[in-house]
Amino acid sequence: MCHGDLFDPAIADTDTVVVLDGAWHQKPAARHKEFLALLARGVRVIGGASLGAIRAAELQPFGMTGVGAVFRAYLQGEIEGDDEVAVGQAPDGDMRALTWPVVNLRHVLKLAVCEGVVTAQAAEHLLAALRAVYYSERTTAALRAVCRAHHTDQFGGWLDERRAADPHFGDIKQADAVEALEVALAEGLPRPQPRPVPESGYYRRWANHAAAQMVGGQRLSTVVRVAYQAFFDPSFPQVWNGFLKHRSLHPSDGGVSVPLQQRVKAVTGGAGGLPAHMLFRPVPDLRDEDTVARLLGRETPADRATIIRYQACREAARRTVRGFSVQAVDDGVARRALLRLWDVTPELLEEAAAARGFRSGEDAICSLKVFIAGLVHDQEQRGESADVR
Numbered sequence: 001m002c003h004g005d006l007f008d009p010a011i012a013d014t015d016t017v018v019v020l021d022g023a024w025h026q027k028p029a030a031r032h033k034e035f036l037a038l039l040a041r042g043v044r045v046i047g048g049a050s051l052g053a054i055r056a057a058e059l060q061p062f063g064m065t066g067v068g069a070v071f072r073a074y075l076q077g078e079i080e081g082d083d084e085v086a087v088g089q090a091p092d093g094d095m096r097a098l099t100w101p102v103v104n105l106r107h108v109l110k111l112a113v114c115e116g117v118v119t120a121q122a123a124e125h126l127l128a129a130l131r132a133v134y135y136s137e138r139t140t141a142a143l144r145a146v147c148r149a150h151h152t153d154q155f156g157g158w159l160d161e162r163r164a165a166d167p168h169f170g171d172i173k174q175a176d177a178v179e180a181l182e183v184a185l186a187e188g189l190p191r192p193q194p195r196p197v198p199e200s201g202y203y204r205r206w207a208n209h210a211a212a213q214m215v216g217g218q219r220l221s222t223v224v225r226v227a228y229q230a231f232f233d234p235s236f237p238q239v240w241n242g243f244l245k246h247r248s249l250h251p252s253d254g255g256v257s258v259p260l261q262q263r264v265k266a267v268t269g270g271a272g273g274l275p276a277h278m279l280f281r282p283v284p285d286l287r288d289e290d291t292v293a294r295l296l297g298r299e300t301p302a303d304r305a306t307i308i309r310y311q312a313c314r315e316a317a318r319r320t321v322r323g324f325s326v327q328a329v330d331d332g333v334a335r336r337a338l339l340r341l342w343d344v345t346p347e348l349l350e351e352a353a354a355a356r357g358f359r360s361g362e363d364a365i366c367s368l369k370v371f372i373a374g375l376v377h378d379q380e381q382r383g384e385s386a387d388v389r
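FYI, the numbering for the sequence shown is 1 to 389, going by the UniProt record's numbering.
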């Protein structure tokens, strides 16, 4: 699992979620707030083996249940770093670990000491040497090479024999994973007490990026749909102003209802000069149906068809353009495209972005990148030079 997975709307309040391994390195790991949000709803969350063990040790006071030897080691402070459980895997297909995590190495070395295969001192030196090998390179072949370099070939041979008899020998991560599933299936595990979790702008943006709807058999991101309206509907500034007026009268935090212009006067001291969109830049909650309906009130079937087509253009670019990704689109390219799209000068970009609900001009530039492949395709289809590049 990775960042965003726990926002899946399929997770019901009555469900039990078991977290074992987590993707990281090339992908952001699931944040603590994501776990806390589930626990606050009363969802049972069990963690063990790897990332699940780390998060369970950290969030046990908030109701997360930890299981297994790895969890206990983290909880008791015997181990600390996430490097203890890191393993290398193939980018797709078979997801079995290709390398040895430190927790498994420490475990098998303890067993080897107990059986007299190596001395405690030799095991300590061997563990330090193996730990020094980068996690994605700590293969079985690397393990044997380290054993030879430290004159402990007998440990490598012993481990090969034990693994031949039992492929899961010494794999405490696998044992903990099985235990976590058994606990999840058992009866009587209490649920955490529902509690409010304060939302920050960061959390809401994370949640928004997980929001999506099925439209015509296609899964469309709500963030992308709203961004499309903000970029391509000339009347969206009026839509955003209407949202600000509604939000001012109906604060999402349960605050006092105040007309928008009254809030503006309170902030400016009645001096005026700044429009509401320059003073207030709330992050809309795209999990809220009423908010989505307000922001997408002018969306047409043609808009959704274009979003789907642009999505296909992005996928085609990923396959055919070496190194292409949305994040790799040059900032200058996106900036020039945005200035042309909105027909504004660089000096007016900040206000134009705020009027359409973006936090800043830079936020708008980054958000446009998801549409660049589609814009290039459309220019080429019209026989124009793809000058957004």
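C-beta: ideal position from N, C-alpha, C; glycine also.
Annotated as proximal: residue 227 and residue 367, with beta-carbon spacing under 7 Å. For residue 269, the number of other beta carbons within 10 angstroms of its own is below 16, and it is reported as exposed. Under DSSP, residue 19 takes part in a beta bridge, and its partners are 47. Judged by their CB atoms, residue 342 and residue 352 are nearer to each other than the 7 Å cut-off. The secondary-structure analysis by DSSP pairs residue 218 across a beta bridge with 215. The alpha carbon of residue 61 has as its nearest neighbour, out of 36, 330, 261 and 310, the alpha carbon of 36. Distance between residue 121 and residue 106, taken at the CA atoms: about 13 Å. Within a 10 Å sphere around the beta-carbon of residue 320 sit fewer than 16 other beta-carbons, which makes this residue exposed. Measuring C-alpha to C-alpha distances from residue 30 to each of 56, 42 and 13 identifies 56 as the nearest. Within the DSSP bridge table, the entry for residue 242 names no partner. Excluding five sequence positions before and after residue 34, the CB atoms of its chain that fall closer than 6 Å to its own CB belong to 6, given in chain order. Exposure of residue 202 is indicated by the presence of fewer than 16 other C-beta atoms within 10 angstroms of its C-beta.
When the beta-carbon positions are compared, residue 191 and residue 42 come within less than 7 Å of each other. Per the coordinates, the alpha-carbon of residue 26 lies some 31 Å from the alpha-carbon of residue 182. Within the model, the alpha-carbon separation for residue 363 versus residue 339 is close to 14 Å.
For the options 382, 103 and 300, the alpha carbon positioned closest to that of residue 215 is the one of 300.
Nearest C-alpha to residue 244 among 151, 383 and 258: 258.
The straight-line gap separating the alpha-carbon atoms of residue 160 and residue 187 is approximately 39 Å. Of the residues assessed, residue 332 falls on the exposed side of the cut-off, its CB having fewer than 16 other CB atoms within 10 angstroms. Residue 66: not part of any alpha helix (DSSP H); member of the beta strand (DSSP E) spanning 65-67, first to last residue. Excluding the 5 residues flanking it on each side, residue 102 has same chain C-beta neighbours closer than 7 Å at 83, 84 and 131, in chain order. Rounded to whole angstroms, residue 100 and residue 17 show a C-alpha spacing of 26 Å. Here the region 220-239 does not lie against the region 70-79, with fewer than 3 beta-carbon pairs under 8 Å apart. In this structure, the beta-carbon distance from residue 176 to residue 68 falls below 7 Å. In summary, residue 277 is buried, with 16 or more beta-carbon neighbours lying within 10 Å of its beta-carbon over all protein chains present. Residue range 153-165 is occupied by the alpha helix (DSSP H) that includes residue 156. A contact between stretches requires three or more CB pairs, one per stretch, nearer than 8 Å, and the region 275-289 meets this requirement with the region 204-219.
Cα atoms of residue 115 and residue 124: separation of roughly 15 Å, rounded to the nearest angstrom. Residue 334 sits buried, since 16 or more C-beta atoms from the chains shown fall within 10 Å of its C-beta. Boundaries of the alpha helix (DSSP H) harbouring residue 311: 301-320, taken from the DSSP string.
Counting other Cβ atoms within 10 Å of its Cβ, residue 119 stays below 16 and is therefore classed as exposed. Separation of residue 236 and residue 356 (C-alpha to C-alpha, rounded to the nearest whole angstrom) is 6 Å.
If you look at residue 363, you'll find it in the alpha helix (DSSP H) that goes 361-381. Contact between residue 40 and residue 195 is confirmed by a C-beta separation of about 5 Å, below the 8 Å threshold. About 12 Å separates the beta carbons of residue 163 and residue 155, which is beyond the 8 Å limit, so they are not a contact pair.
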